[in-house]
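Novice:
There are 2 protein chains.
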Amino acid sequence: MINKILIAEDHEMSTISLQKVLDEIGVTQIEYMYYCDDALASIRHAISRGNSFDLLITDLCFEMDGQEQLINSGQELIQEARILQPELKVLVFSAESKLSTIEKLYNELEIDGYVRKARNDAKELKIAIEEIEKNQRYYPRHLMQLLKQKNVYEFTSFDIAILTLLSEGIRQKDIPEYLQRQGIRPSGLSSVEKKLNFLKEEHKFTTNEQLIAFCKEYGII
Amino acid sequence: MINKILIAEDHEMSTISLQKVLDEIGVTQIEYMYYCDDALASIRHAISRGNSFDLLITDLCFEMDGQEQLINSGQELIQEARILQPELKVLVFSAESKLSTIEKLYNELEIDGYVRKARNDAKELKIAIEEIEKNQRYYPRHLMQLLKQKNVYEFTSFDIAILTLLSEGIRQKDIPEYLQRQGIRPSGLSSVEKKLNFLKEEHKFTTNEQLIAFCKEYGII
DNA sequence: ATAATTTTTACGGGAACCCGTATTGGCTTA
DNA sequence: TAAGCCAATACGGGTTCCCGTAAAAATTAT
Chain R
12 MINKILIAED HEMSTISLQK VLDEIGVTQI EYMYYCDDAL ASIRHAISRG NSFDLLITDL
72 CFEMDGQEQL INSGQELIQE ARILQPELKV LVFSAESKLS TIEKLYNELE IDGYVRKARN
132 DAKELKIAIE EIEKNQRYYP RHLMQLLKQK NVYEFTSFDI AILTLLSEGI RQKDIPEYLQ
192 RQGIRPSGLS SVEKKLNFLK EEHKFTTNEQ LIAFCKEYGI I
Chain B
12 MINKILIAED HEMSTISLQK VLDEIGVTQI EYMYYCDDAL ASIRHAISRG NSFDLLITDL
72 CFEMDGQEQL INSGQELIQE ARILQPELKV LVFSAESKLS TIEKLYNELE IDGYVRKARN
132 DAKELKIAIE EIEKNQRYYP RHLMQLLKQK NVYEFTSFDI AILTLLSEGI RQKDIPEYLQ
192 RQGIRPSGLS SVEKKLNFLK EEHKFTTNEQ LIAFCKEYGI I
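Chains as they are written, first to last, in our numbering: chain R, 12 to 232; chain B, 12 to 232.
1) I'd like to confirm the pairing. Which residues does DSSP put opposite residue 44 (chain R) in its beta bridges?
2) Can you confirm whether residue 57 (chain R), when its beta carbon is compared against all beta carbons of chain B, has any partner nearer than 8 Å?
3) In this structure, does DSSP put residue 167 (chain R) in helix, strand or coil?
4) For residue 71 (chain R) versus residue 16 (chain R), is the C-beta spacing smaller than 8 Å?
5) Count the other C-beta atoms from every protein chain shown that fall within 10 angstroms of the C-beta of residue 39 (chain R), then say buried if there are 16 or more, exposed otherwise.
6) Which whole-angstrom value describes the C-beta separation of residue 64 (chain B) and residue 47 (chain B), a residue pair presumed to lie in contact below a C-beta threshold of 8 Å?
7) Would you please state the rounded distance, in angstroms, between the beta carbons of residue 203 (chain B) and residue 186 (chain B)? I believe it to be under 8 Å.
8) Should residue 77 (chain B) be labelled buried (16 or more other beta-carbon atoms within 10 Å of its own) or exposed?
9) Check for me: the alpha helix (DSSP H) holding residue 39 (chain B) runs from which residue to which?
10) Listing by chain order, which chain R residues have their CB less than 7 Å from the CB of residue 76 (chain B)?
11) Per DSSP, residue 103 (chain R) forms a beta bridge with which residues?
12) Quick check: what's the CA-CA separation for residue 132 (chain R) versus residue 184 (chain B)?
13) Using a threshold of 8 Å, state whether the C-beta atoms of residue 125 (chain B) and residue 113 (chain B) are closer than that.
14) Where does residue 123 (chain R) land, buried or exposed, given buried means 16+ other C-beta within 10 angstroms?
15) For residue 216 (chain R) and residue 180 (chain B), which I take to be in contact (beta-carbon distance under 8 Å), what is that distance rounded to the nearest angstrom?
16) Can at least three beta-carbon pairs, one atom from the stretch 195 to 202 of chain B and one from the stretch 194 to 213 of chain R, be found at a separation below 8 Å?
17) Is residue 27 (chain B) close to chain R, meaning its C-beta is less than 8 Å from at least one C-beta of that chain?
18) Quick one: give me the first and last residue of the alpha helix (DSSP H) that residue 189 (chain R) is part of.
19) Kindly say whether residue 148 (chain B), judged by its beta-carbon, lies nearer than 8 Å to any beta-carbon of chain R.
20) Compare the C-beta of residue 180 (chain R) against all C-beta atoms of chain B and say whether one is closer than 8 Å.
21) To which residues does DSSP link residue 84 (chain R) through a beta bridge?
22) Can you find a C-beta in chain R that's less than 8 Å from the C-beta of residue 172 (chain B)?
23) Excluding the 5 residues flanking residue 154 (chain B) on each side, which residues of the same chain have their C-beta closer than 8 Å to its C-beta?
24) So which residues on chain R does residue 220 (chain B) lean against when the C-beta distance must stay under 7 Å?
25) Apply the 10 Å Cβ neighbour rule to residue 149 (chain B) and answer buried if 16 or more other Cβ atoms are within range, or exposed otherwise.
26) At least one CB of chain R closer than 8 Å to the CB of residue 24 (chain B): is that the case?
27) Could you give the C-beta distance for residue 104 (chain R) and residue 128 (chain R), rounded to a whole number, given that I count them as a contact under 8 Å?
28) Tell me residue 149 (chain B)'s beta-bridge partners as DSSP assigns them.
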């Protein structure tokens, strides 16, 4: 049974609606944290008092604001939380819609559910929590839709590494040494050229500039 | 006095928290619409019954979902709403953080306030509504921060024309003929080169790719 | 282990880009 | 009108990028 929930979320408005939704399904013990570091400390503290959380509801993206934080993403928070409390259930509530990111959450971080901030997110949250309560993973409806239309090209971390370097003003011919320094393989200039050609071909683009513009437009880099 | 509010927002969770916040400041008449088309119809209907809205709170980005809509952005909704009811107050509540987008809202659509979905957005919403109630425009705090770090250089329409062509995949050497076709002067290749060099010099950039990335990042193109 | 296949890297010629200099064209002023 | 000035354009050589082919390395299969 899920009674004690920790919410890690920096948007005040999201915490308000989460409170309302959790009220409606009868959850009484809710704690809010606006920073990942605080959330982690709270988990640690609850364990030490023998009153640990049943569920962590967390966003993925936390905005920087002046004070430096050790952890600043939902992914890291989940990772650290699982070290402290391996059986803790985790429900991610975020606006992220990139398939690869969500797949990683399920496969690598083994989250129990994902609800995207979108139409009917409140209803979906309730269903997700119900499922998790029954020890079942919850897979969101929109994820299924995304899996169907998987014709869209997914940018790999290699693609993004190259595109990021380009967008930072690194010359194409210098990219190999940067890749090597970061331990990314392959790193040959030909591989970089080939990849850029492929990406342009794939999207019917003609120039690097157009490719960079596209990636910026859609938040890929 | 603001008594009757229309909310155009597709995220269910956002409407829940908006309801809570508006309850707390004593607003009683609230209507929710999950699509721009419905929101516009609602405004029209309210006017025809002589009971028009005092304030429109709207998101900017509405997600497509199957059924086709005539209008699908907050910007268009505001524009159409102002045609129907010019004195209608407008408060935008969105996650958008691009300075140029927000500036356009204030300057071109003459909105009365902008609150970004972020830390302390609930508190900010209350303040914004109070200000608007006093017939004053509300400028968000984070906008001021952005304005401070604003790039000193103002991009001219000539700059933007070139950068836009580049971002659309037009080769540098072909840009002159496009400029001529659009009646833009100067149009020589040397002038294009000179301008791109100047822009890169100005921002301490090395490549066109970096320049395009920057312009996309800050919504210049 | 060897062969087959794929992936990665190396190389080279031609196109596009970068950048400095020279020329042209339009505008102001004497 | 002519001289002077500034912006726009034209030109040329050096660099980088583009793109096809070939060699090398890594992976998989036999």
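Where a beta carbon is used, it is the ideal one built from N, C-alpha and C, also for glycine.
Specialist: Looking at the atomic coordinates:
1) By 1-based counting over the first sequence, the position of residue 44 (chain R) is 33. Answer is R:19.
2) In the first sequence, the residue the question calls residue 57 (chain R) occupies position 46. Output row for residue 57 (chain R): interface = no.
3) Taking the first residue of the first sequence as 1, we reach residue 167 (chain R) at position 156. DSSP places residue 167 (chain R) in coil when its eight states are reduced to three.
4) By 1-based counting over the first sequence, the position of residue 71 (chain R) is 60. By 1-based counting over the first sequence, the position of residue 16 (chain R) is 5. Taking 8 Å as the Cβ cut-off, residue 71 (chain R) and residue 16 (chain R) do not qualify as a contacting pair.
5) Walking along the first sequence from the start, residue 39 (chain R) turns up at place 28. Residue 39 (chain R) is exposed by the Cβ-count criterion.
6) Here residue 64 (chain B) corresponds to residue number 53 of the second sequence, with the count starting at 1. Here residue 47 (chain B) corresponds to residue number 36 of the second sequence, with the count starting at 1. Actually they do not touch by this definition, with Cβ atoms about 15 Å apart.
7) Translated into the one-based positions of the second sequence, residue 203 (chain B) becomes position 192. Translated into the one-based positions of the second sequence, residue 186 (chain B) becomes position 175. Right, their Cβ atoms sit about 5 Å apart.
8) For the purposes of this step, residue 77 (chain B) is taken as the residue at position 66 of the second sequence. So residue 77 (chain B) ends up on the exposed side.
9) Against the second sequence, residue 39 (chain B) aligns to sequence position 28. No alpha helix (DSSP H) contains residue 39 (chain B), which DSSP labels as neither H nor E.
10) Your numbering for residue 76 (chain B) matches position 65 in the second sequence. What residue 76 (chain B) touches in chain R: 130.
11) For the purposes of this step, residue 103 (chain R) is taken as the residue at position 92 of the first sequence. In DSSP, residue 103 (chain R) forms a bridge with R:69 and R:125.
12) Numbered from its first residue, the first sequence carries residue 132 (chain R) at position 121. Numbered from its first residue, the second sequence carries residue 184 (chain B) at position 173. Straight-line Cα distance between these residues: approximately 49 Å.
13) Indexing the second sequence from 1 puts residue 125 (chain B) at position 114. Indexing the second sequence from 1 puts residue 113 (chain B) at position 102. In this structure, residue 113 (chain B) lies closer than 8 Å to residue 125 (chain B) by Cβ.
14) The residue labelled residue 123 (chain R) in the question sits at position 112 within the first sequence. Buried: at least 16 other Cβ atoms inside 10 Å.
15) In the first sequence, the residue the question calls residue 216 (chain R) occupies position 205. In the second sequence, the residue the question calls residue 180 (chain B) occupies position 169. Residue 216 (chain R) to residue 180 (chain B), Cβ: 5 Å. Contact.
16) no
17) Here residue 27 (chain B) refers to the residue found at position 16 when the second sequence is read from its first residue. Closer than 8 Å to some Cβ of chain R, the Cβ of residue 27 (chain B) qualifies, so yes.
18) Working through the first sequence from its first residue, we reach residue 189 (chain R) at position 178. 186 to 192 is the extent of the alpha helix (DSSP H) around residue 189 (chain R).
19) Mapped onto the second sequence, residue 148 (chain B) falls at position 137. False, the Cβ-Cβ gap to chain R never drops below 8 Å.
20) Counted from its first residue, the first sequence places residue 180 (chain R) at position 169. Chain B contact via Cβ: present.
21) On the first sequence, residue 84 (chain R) is found 73 positions in, with the first residue counted as 1. Residue 84 (chain R) is bridged to R:72.
22) Counted from its first residue, the second sequence places residue 172 (chain B) at position 161. No - not a single Cβ of chain R is within 8 Å of the one on residue 172 (chain B).
23) As a working note, residue 154 (chain B) is residue 143 in the second sequence. Excluding residues within five positions, the ones whose Cβ falls inside 8 Å are 110, 113 and 125.
24) As a working mapping, residue 220 (chain B) is identified with position 209 in the second sequence. Neighbours of residue 220 (chain B) on chain R, chain order: 177, 178, 219, 220 and 223.
25) Along the second sequence, read from residue 1 onward, the residue named residue 149 (chain B) stands at position 138. Answer is buried; the Cβ neighbour count reaches 16.
26) Residue mapping note: residue 24 (chain B) aligns to position 13 of the second sequence, counting from 1. Answer yes: the Cβ-Cβ gap between residue 24 (chain B) and chain R drops below 8 Å somewhere.
27) Sequence index remark: in the first sequence, residue 104 (chain R) carries index 93 (1-based). Sequence index remark: in the first sequence, residue 128 (chain R) carries index 117 (1-based). Confirmed, about 7 Å.
28) Residue mapping note: residue 149 (chain B) aligns to position 138 of the second sequence, counting from 1. In the DSSP output, where bridge partners are listed per residue, residue 149 (chain B) has B:124.
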